[in-house]
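Just so you know, this note's numbering puts 10 at position 10 of the sequence shown, and the rest follows in order with no gaps.
In this text, a Cβ means the ideal position worked out from N, Cα and C, and glycines have one as well.
Because the structure is a prediction, the values reported are computed rather than measured.
Notes follow once the structure below has been shown.
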Amino acid sequence: MSIDIFGIAFHPYGFVLGLGILAGLQASLWLAKRRKIPVQLIEQLFWWVVIGGIIGARAYHVIDKWQEIYSLNPQSVFYLWNGGLGIWGAIGGGVIGLLGYWVIKSRMKINFFVLVDVVMFGVPLGQAIGRWGNFFNNEIVGKNGEPLFLYESGLSFVLFVILVKLVKLDKFGKEFGNIAGVYLIGYGLIRFLLEPLRPEAIVWKIGIMPTASMVSLVAIVTGIFLTRATRKR
Numbered sequence: 001m002s003i004d005i006f007g008i009a010f011h012p013y014g015f016v017l018g019l020g021i022l023a024g025l026q027a028s029l030w031l032a033k034r035r036k037i038p039v040q041l042i043e044q045l046f047w048w049v050v051i052g053g054i055i056g057a058r059a060y061h062v063i064d065k066w067q068e069i070y071s072l073n074p075q076s077v078f079y080l081w082n083g084g085l086g087i088w089g090a091i092g093g094g095v096i097g098l099l100g101y102w103v104i105k106s107r108m109k110i111n112f113f114v115l116v117d118v119v120m121f122g123v124p125l126g127q128a129i130g131r132w133g134n135f136f137n138n139e140i141v142g143k144n145g146e147p148l149f150l151y152e153s154g155l156s157f158v159l160f161v162i163l164v165k166l167v168k169l170d171k172f173g174k175e176f177g178n179i180a181g182v183y184l185i186g187y188g189l190i191r192f193l194l195e196p197l198r199p200e201a202i203v204w205k206i207g208i209m210p211t212a213s214m215v216s217l218v219a220i221v222t223g224i225f226l227t228r229a230t231r232k233r
């Protein structure tokens, strides 16, 4: 949806999404300072992560809805303000963007998973805010009218608070991979539990299982692996 303000189309979805991204960045910068990582480095790689995340999120959604929407109107693939971003695609695309930056800056002496931790720390806060964009587009509503966007927003904020508490623990703060691992476990569980509440007609499935549920299980397993395989920085 859009709102006309003095003849200018204002898109609440994009505005709220932008607020979420900026909030996530500020959270990541806070952790970077705490771990004595140059703030300029995080600000530089931030754009790689955002661009990769947007491309991945849109690609995930377009693949899901190609037959029923985008094959009929291909140019609408670029109408991001209408909504249609898949969070798992955003996470995957963001990690690829981060990896691209890390490879190009191959002389960096910072472990890749240290950067993954810093970036993923801000993700649940960004999600908690960004999900409200779905409210304006009347998206992410359950089969019985449940405000799933609100459930996910609240649970994502709880996950962010948990990460903040864990970061302040001495042992947790001295290891890398833990933050990314806990995030993947936490959000994987959130999405896996909420997915069955979505209307069957809009759920992308591979076989009989929702794709998002399958990816959530992979994320949970990956998160468990990361938290068990942490090494000293």
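Quick test of the definition: if touching needs 3 or more C-beta pairs under 8 Å, does the stretch 10-28 touch the stretch 98-115?
No: the two stretches stay apart, fewer than three of their Cβ pairs being nearer than 8 Å.
Given Ile129, which residues of its chain have a CB within under 6 Å of its CB, disregarding the five upstream and five downstream residues?
Reading the sequence shown from its first residue, position 129 is the one you call residue 129. Leu19, Gly20 and Ala23.
Tell me the rounded alpha-carbon separation between Asn137 and Ile87.
Taking the first residue of the sequence shown as position 1, residue 137 is located at position 137. Taking the first residue of the sequence shown as position 1, residue 87 is located at position 87. Cα-Cα distance, rounded: 16 Å.
Nearest CA to the CA of Arg35: which residue from Glu175, Glu195, Gly186 and Val218?
Start at 1 with the first residue of the sequence shown, and residue 35 comes out as number 35. Distances from the alpha-carbon of Arg35 to those of Glu175, Glu195, Gly186 and Val218 put Glu175 closest.
Would you mind listing the beta strand (DSSP E) stretches within the stretch 132-197 that are 3+ residues and don't spill past its ends, in chain order?
none
Is it the case that the Cβ atoms of Val94 and Val119 are separated by a distance below 8 Å?
Position 94 of the sequence shown, counted from the start, is the residue given in the question as residue 94. Position 119 of the sequence shown, counted from the start, is the residue given in the question as residue 119. According to the sequence displayed, residue 94 carries Gly and not Val. A contact, by the Cβ cut-off of 8 Å.
Flag this pair as yes or no: are the beta carbons of Val167 and Ile179 separated by less than 8 Å?
Here residue 167 refers to the residue found at position 167 of the sequence shown. Here residue 179 refers to the residue found at position 179 of the sequence shown. Cβ atoms of Val167 and Ile179: closer than 8 Å.
Taking DSSP as the reference, what is the three-state secondary structure of Pro210?
Numbered from its first residue, the sequence shown carries residue 210 at position 210. Strand.
Ends of the alpha helix (DSSP H) at Gly94?
The sequence position of residue 94 within the sequence shown is 94, counting from 1. Start and end: Ile87 to Ile104.
Taking the continuous alpha helix (DSSP H) assigned at Trp66, which residues delimit it?
As a first step, residue 66 is located in the sequence shown; it is residue number 66 there, counting from the start. Neither: Trp66 is in no alpha helix (DSSP H) and is coded neither H nor E.
Please state whether DSSP places Lys205 in a helix, a strand or coil.
In the sequence shown, counting from the first residue as 1, residue 205 sits at position 205. Three-state result, Lys205: strand.
Is the distance from the Cβ of Gly142 to the Cβ of Leu148 below 8 Å?
Start at 1 with the first residue of the sequence shown, and residue 142 comes out as number 142. Start at 1 with the first residue of the sequence shown, and residue 148 comes out as number 148. Yes.
Between Met214 and Ile206, how many whole angstroms is the CB-CB distance? I'm expecting something under 8 Å.
Within the sequence shown, residue 214 is the residue found at index 214, counting from 1. Within the sequence shown, residue 206 is the residue found at index 206, counting from 1. Right, their Cβ atoms sit about 6 Å apart.
Check whether the stretch 70-80 touches the stretch 38-46, counting contact only when three or more Cβ pairs, one atom from each stretch, lie closer than 8 Å.
no
According to DSSP, is Gly14 helix, strand or coil?
Reading the sequence shown from its first residue, position 14 is the one you call residue 14. Helix at Gly14.
Tyr79 by DSSP, collapsed to three states: which one?
Locating residue 79 in the sequence shown gives position 79, counting from the first residue. Here Tyr79 sits in coil by DSSP.
For Leu72, which three-state DSSP category applies?
As a first step, residue 72 must be located in the sequence shown, where it is residue number 72. Leu72: coil per DSSP, three-state reduction.
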